[in-house]
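J.: Residue numbers (the working numbering): 483 to 757.
Right, here's the structure in full:
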């Protein structure tokens with residue numbers, strides 16, 4: 483579930499891997515120290531990609547669309563999940579019937595996580611929207627969630643954990659002042675994968691960082707776990723947790739939506755399902 487061909491300053495995503503932005507695409511707003519691809523290269527080939535202006539690129543759907551586009555998008559690896567047509571909107575999916583939604587308390591700190599199949603760099607954020615409201619970007623942006631800690635935890639594929647100091651940015655982001663977190667797992671620099679795009683956190687070796695899993699060297703990209711601080715002002719009720727990953731290596735915005743229930747104030751909660 484993702485969105486293909488998205489760039490800040492454009493009215494909509496192109497849905498086309500060959501046309502990744504429009505003529506009105508705007509200049510990047512991301513400070514260079516948060517870059518994840520093309521660092522120091524002569525040509526700024528990522529300048530219109532979503533992570534270069536966190537949260538500003540439009541989407542086809544706030545919860546992503548099946549296959550990333552309303553038509554065949556298999557060239558860049560987009561495929562609809564079984565049982566879904568190209569372009570089916572994630573925001574229109576029914577609540578999961580197989581399990582009860584996570585329960586969180588307003589004012590509490592909760593744990594969330596996501597995993598990578600193909601590492602496109604960039605960064606991410608978590609947001610909430612009342613389940614009774616249309617699941618739009620505007621709704622999610624109005625409930626942008628702050629991170630509770632200054633580090634992520636990488637749960638390694640072979641077991642164990644690594645602490646990854648956070649690189650959070652709140653300048654040049656949408657919503658204004660909303661914190662986005664740089665993907666802490668660097669992808670490969672160059673086709674031979676001899677070096678990472680940027681220094682990985684201590685303890686994250688070549689079996690932890692990279693562009694994708696590689697069984698020949700035992701590489702399994704880790705699950706990225708964070709803790710979020712829920713506002714005390716949240717009203718109890720049913721919500722949808724929206725995860726948004728703005729890529730830098732591609733013009734894609736990946737998304738995932740989860741059902742959660744917010745309970746009246748407290749200091750904790752039950753973790754949501756990993757994205």
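We put the CB at the ideal spot given by N, CA and C, even for glycine.
In the DSSP output, what is residue 626 paired with across the bridge?
T.: Taking the chain shown and counting its residues from 1, the one referred to as residue 626 is at position 144. DSSP output for residue 626 lists 609 as bridge partner(s).
J.: Beta strand (DSSP E) containing residue 739: first to last residue?
T.: Counted from its first residue, the chain shown places residue 739 at position 257. Counting along the chain, the beta strand (DSSP E) containing residue 739 begins and ends at 735-745.
J.: Report the residue from 744, 735, 746 whose alpha carbon sits nearest the alpha carbon of residue 495.
T.: To locate residue 495, count along the chain shown from 1; it is residue 13. Of 744, 735, 746, the residue nearest in Cα terms is 735.
J.: Return yes when the Cβ of residue 654 is within less than 9 Å of the Cβ of residue 535, no when it is not.
T.: Here residue 535 refers to the residue found at position 53 when the chain shown is read from its first residue. Here residue 654 refers to the residue found at position 172 when the chain shown is read from its first residue. In contact: residue 535 and residue 654 (Cβ atoms closer than 9 Å).
J.: Please state if the CB of residue 565 and the CB of residue 738 are separated by a distance shorter than 9 Å.
T.: As a first step, residue 738 must be located in the chain shown, where it is residue number 256. As a first step, residue 565 must be located in the chain shown, where it is residue number 83. Cβ distance not < 9 Å, so residue 738 and residue 565 don't count as in contact.
J.: How far does the beta strand (DSSP E) with residue 719 in it extend, from its first residue to its last?
T.: Position 237 of the chain shown holds residue 719. Bounds of the beta strand (DSSP E) holding residue 719 are 719-728.
J.: Does the stretch 697-717 come within contact of the stretch 589-605, defined as at least 3 CB pairs closer than 8 Å?
T.: yes
J.: What separation, rounded to the nearest whole angstrom, lies between the Cα atoms of residue 756 and residue 594?
T.: Taking the chain shown and counting its residues from 1, the one referred to as residue 756 is at position 274. Taking the chain shown and counting its residues from 1, the one referred to as residue 594 is at position 112. Unreliable positioning characterises residue 756 in this predicted model, as indicated by a pLDDT of 38, which lies under 50. A coordinate reading is not provided.
J.: Report the three-state DSSP secondary structure of residue 706 (helix, strand or coil).
T.: What you label residue 706 is simply residue 224 of the chain shown in a count that begins at 1. Strand at residue 706.
J.: Just the C-alpha distance for residue 502 and residue 746, rounded to the nearest angstrom, thanks.
T.: The residue given as residue 502 occupies position 20 in the chain shown. The residue given as residue 746 occupies position 264 in the chain shown. When only Cα atoms are considered, residue 502 and residue 746 end up about 43 Å apart.
J.: Who does residue 484 pair with in a DSSP beta bridge?
T.: Numbered from 1 along the chain shown, position 2 holds the residue referred to as residue 484. In the DSSP output, where bridge partners are listed per residue, residue 484 has 547, 736.
J.: Looking at chain C, is there any beta carbon in it that lies within less than 9 Å of the beta carbon of residue 739?
T.: In summary, chain C is missing from the structure at hand, where a single protein chain is found.
J.: Measure how close the beta-carbons of residue 675 and residue 660 come, nearest whole angstrom, since I'm counting them as under 8 Å.
T.: Residue numbering aside, residue 675 sits at position 193 when the chain shown is read from its first letter. Residue numbering aside, residue 660 sits at position 178 when the chain shown is read from its first letter. Wrong, their Cβ atoms sit about 33 Å apart, outside the cutoff.
J.: Helix or strand or just coil, what does DSSP make of residue 620?
T.: Taking the chain shown and counting its residues from 1, the one referred to as residue 620 is at position 138. Of the three classes helix, strand and coil, the one that applies to residue 620 here is helix, per DSSP.
J.: Starting from the C-beta of residue 681, find all residues in its chain whose C-beta is less than 8 Å away, skip the five residues before and the five after it, and write them out in chain order.
T.: Here residue 681 corresponds to residue number 199 of the chain shown, with the count starting at 1. Cβ within range, chain order: 668.
J.: Can you tell me whether residue 647 is helix, strand or coil according to DSSP?
T.: To locate residue 647, count along the chain shown from 1; it is residue 165. Looking at residue 647 - three-state DSSP - the assignment turns out to be strand.
J.: Within 10 angstroms of its Cβ, does residue 635 collect 16 or more other Cβ (buried), or is it exposed?
T.: Along the chain shown, one-based indexing puts residue 635 at 153. Around the Cβ of residue 635, a 10 Å sphere holds 16 or more other Cβ atoms; the residue is buried.
J.: What is the DSSP secondary structure of residue 572, reduced to helix, strand or coil?
T.: Counting from one through the chain shown, the residue named residue 572 turns up at place 90. Helix at residue 572.
J.: Got a sec? Which residues, its chain only, sit under 6 Å from residue 754 by beta carbon, not counting five neighbours each side?
T.: Reading the chain shown from its first residue, position 272 is the one you call residue 754. Residue placement at residue 754 cannot be trusted, given a pLDDT of 46 that sits under 50; what the coordinates show is reported in the next sentence. Closer than 6 Å at the Cβ level, and outside the excluded window around residue 754, lie 584, 594, 723, 740, 742.
J.: Across the stretch 608-628 and the stretch 637-649, are there enough close Cβ pairs to call them in contact, namely three or more that are closer than 8 Å?
T.: no
J.: Among the candidates 608, 528, 694, whose CA atom is the shortest distance from the CA of residue 673?
T.: Within the chain shown, numbered from 1, the residue matching residue 673 stands at position 191. Minimum Cα distance to residue 673 is reached at 694.
J.: Assess contact between the stretch 525-533 and the stretch 552-563, defined as three or more Cβ pairs (one per stretch) separated by less than 8 Å. Is contact present?
T.: no
J.: Does the beta-carbon distance from residue 497 to residue 551 come in below 9 Å?
T.: Along the chain shown, one-based indexing puts residue 497 at 15. Along the chain shown, one-based indexing puts residue 551 at 69. Yes; because the gap between Cβ atoms is below 9 Å, this pair is in contact.
J.: Please classify residue 662: does DSSP put it in a helix, a strand, or coil?
T.: Translated into the one-based positions of the chain shown, residue 662 becomes position 180. Residue state, collapsed to three classes: strand.
J.: Could you please give the first and the last residue of the uninterrupted beta strand (DSSP E) stretch that includes residue 584?
T.: Translated into positions along the chain shown, residue 584 becomes position 102. Here the beta strand (DSSP E) through residue 584 covers 584-587.
J.: Cα-Cα, which of 703, 677, 607, 626 is closest to residue 641?
T.: Indexing the chain shown from 1 puts residue 641 at position 159. Just measuring C-alpha positions, the residue of 703, 677, 607, 626 sitting nearest residue 641 is 703.
J.: Among the candidates 516, 621, 577, 506, whose CA atom is the shortest distance from the CA of residue 543?
T.: Residue numbering aside, residue 543 sits at position 61 when the chain shown is read from its first letter. Minimum Cα distance to residue 543 is reached at 621.
J.: Can you say whether residue 517 is buried or exposed, counting buried as having 16 or more other CB atoms within 10 angstroms of its CB?
T.: The residue you call residue 517 lines up with position 35 of the chain shown. Buried, by the Cβ-count rule.
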